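A short worksheet on the structure shown next.
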Amino acid sequence: MGGDLLTLFLCGDVMLGRGVDQILPHPGDPELREGYTYDARDYVALAEVANGPVPRPVPFSWPWGEALQLLDAAAPDVRVLNLETGITRHSGFAPGKAIHYRMNPANLPCLAAARPDVCVLANNHVLDFGRSGLAETLATLAAAGLRTAGAGADAAAASRPATVPVAGGRRVLVLSIGMPSSGIPGGWAATADRSGVAFVPGPSPAAAAALTDRIWQLRQPGDLVVASVHWGPNWGYHVPRDEAAFAHALLDGGADVVHGHSSHHPRALEAYRGKLVIHGCGDLIDDYEGITGYEHYRDDLRLLYLVSLDADTGRLRELRITPLRSRRLRLCPATAEDLRWLRGLLDTIATGFAPCTAAGPVLTLRPA
């Protein structure tokens with residue numbers, strides 16, 4: 001085993017649209033077409049009822065709260081997030097969807113504040129304002145120098161990995177795919193002559209084989225590969241057998257980490273043959289504060305995942321998880337009680353690890 005470590009910051013859904021967009025310095029059009037409301041500012045009001053007044057406008061850094069300082073202190077080599085919103089002024093709501101997310105491109109400094117190395121886009125909201133909205137999203141991110149994966153002007157562009165150079169002449173490749181189990185319409189799939197997302201119809205052996213074939217075509221000696229997958233329901237801890245098998249096949253076939261997201265709360269973690277599967281990271285930033293009905297999942301807890309890998313082999317050395325709480329549309333420190341609750345959950349939903357340990361606000365998992 002090599003001696004060098006490479007650390008990735010991974011997280012789940014970062015949704016800077018709708019209510020979050022409305023508190024930033026350049027709020028966009030608040031129009032919605034939801035059964036609950038037609039005005040995005042109503043989500044700010046819900047958060048204020050739950051936890052107190054939200055100032056307006058807030059600094060671009062506001063939604064990230066404590067996360068920015070924690071990330072700077074951890075100094076990960078690569079930062080990867082799932083960007084769960086269009087960045088567009090377009091007003092053409094995608095038909096057949098109950099929820100639509102967009103942020104004003106003028107508020108992009110909010111995203112840039114976290115200094116993401118890769119924004120994965122193969123998800124069920126990036127085309128909420130159609131292909132024109134996707135084109136503006138991609139152009140806005142490219143103009144800001146932010147790498148993307150999982151969506152593009154055609155299938156070749158959507159399936160192209162983001163490539164992040166790291167120390168020692170190495171690279172981290174990030175591939176992004178999305179599945180219909182997360183709510184992605186099949187019509188959003190990119191084709192040879194149509195923009196869209198890198199869409200996989202389901203977690204089949206054939207789909208896994210196609211993805212691993214691409215990994216071996218792309219990777220060079222010294223590369224590490226993150227397979228980022230948007231899949232599964234919003235709620236629930238159960239991982240279907242075919243999803244687990246798909247993740248294992250990716251790791252057996254050349255990926256080093258499976259970065260799953262879509263669920264609003266953390267799902268199962270696995271140390272599989274020395275490599276990491278996160279089946280669902282849970283949300284990081286959104287405007288769901290004050291929405292009731294699923295409190296037992298503690299979706300108000302938002303997790304930062306710091307994944308330390310052996311740089312030579314990709315094997316997992318340790319996974320550090322720092323929980324934060326969403327309060328007033330901002331990430332705030334978790335309490336000692338929150339930490340105990342999360343530690344108990346991780347001991348239940350994590351497999352292949354030694355018992356979880358705690359040091360201050362950080363929970364650490366190491367392969368058994």
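Numbering (UniProt numbering), first residue to last: 1 to 368.
Even for Gly, the Cβ is constructed at its ideal location relative to N, Cα and C.
None of these values were measured; they are calculated from a predicted model.
Whole-angstrom distance between residue j and residue i, CA atom to CA atom
i    : j    : result
W62  : L329 : 8 Å
A149 : H125 : 15 Å
P57  : R325 : 21 Å
F129 : R315 : 40 Å
G2   : R317 : Since pLDDT at G2 reaches only 49, below the 50 mark, its modelled position is unreliable, and the value read off the structure follows with that caveat. Computed Cα separation, rounded: 11 Å.
A114 : P105 : 16 Å
Q217 : S176 : 16 Å
P161 : G352 : 29 Å
P323 : A139 : 33 Å
L345 : G222 : 35 Å
P240 : A350 : 15 Å
N123 : S159 : 13 Å
I321 : L269 : 12 Å
A64  : D72  : Correcting the residue type first, residue 64 is Trp in the shown sequence and not Ala. Each residue's Cα considered, the two are about 12 Å apart.
Rounded distance between the beta-carbons of residue j and residue i, thought under 8 Å
i    : j    : result
L46  : I291 : 6 Å
V307 : L8   : 4 Å
F60  : L24  : 7 Å
V166 : L6   : 6 Å
G19  : Y43  : 3 Å
A151 : L121 : 4 Å
S262 : H230 : 5 Å
E66  : C332 : 6 Å
A271 : P116 : Going by Cβ atoms, the distance from A271 to P116 rounds to 26 Å, so no, they are not a contact pair.
Q220 : R147 : Actually they are not in contact, since the Cβ atoms of Q220 and R147 sit about 18 Å apart, beyond 8 Å.
Residue range of the unbroken alpha helix (DSSP H) whose run includes residue i
i           : result
D213        : 205 to 218
L68         : 67 to 74
residue 370 : Outside the displayed range of the chain (1 to 368) lies residue 370, so it cannot be described from this structure.
Nearest neighbour of residue i, chosen from the options [CA to CA]
i           : options                : result
H279        : D213, A247, A206       : A247
D310        : R340, G274, P323, L284 : G274
I99         : G183, P105, S176       : G183
L70         : P221, V362, G12, A151  : V362
V164        : R317, A112, P367, L224 : L224
F199        : L127, E66, L218        : L127
A206        : R170, R194, Q220, E243 : E243
V80         : H26, R33, A227, G28    : A227
G168        : R340, R267, E337, D312 : D312
residue 370 : R219, N234, G52        : Since the first residue of the chain shown is 1 and the last is 368, residue 370 is not available in this structure.
Distance CB(residue i)-CB(residue j) smaller than 8 Å
i    : j    : result
D154 : A208 : no
T88  : E136 : yes
A249 : I215 : no
L284 : D21  : no
G187 : P180 : no
L319 : Y305 : yes
L134 : G86  : yes
H264 : G236 : no
R131 : G28  : no
Residue range of the beta strand (DSSP E) that includes residue i
i   : result
F60 : Segment: none, F60 is in no beta strand (DSSP E) and carries neither H nor E.
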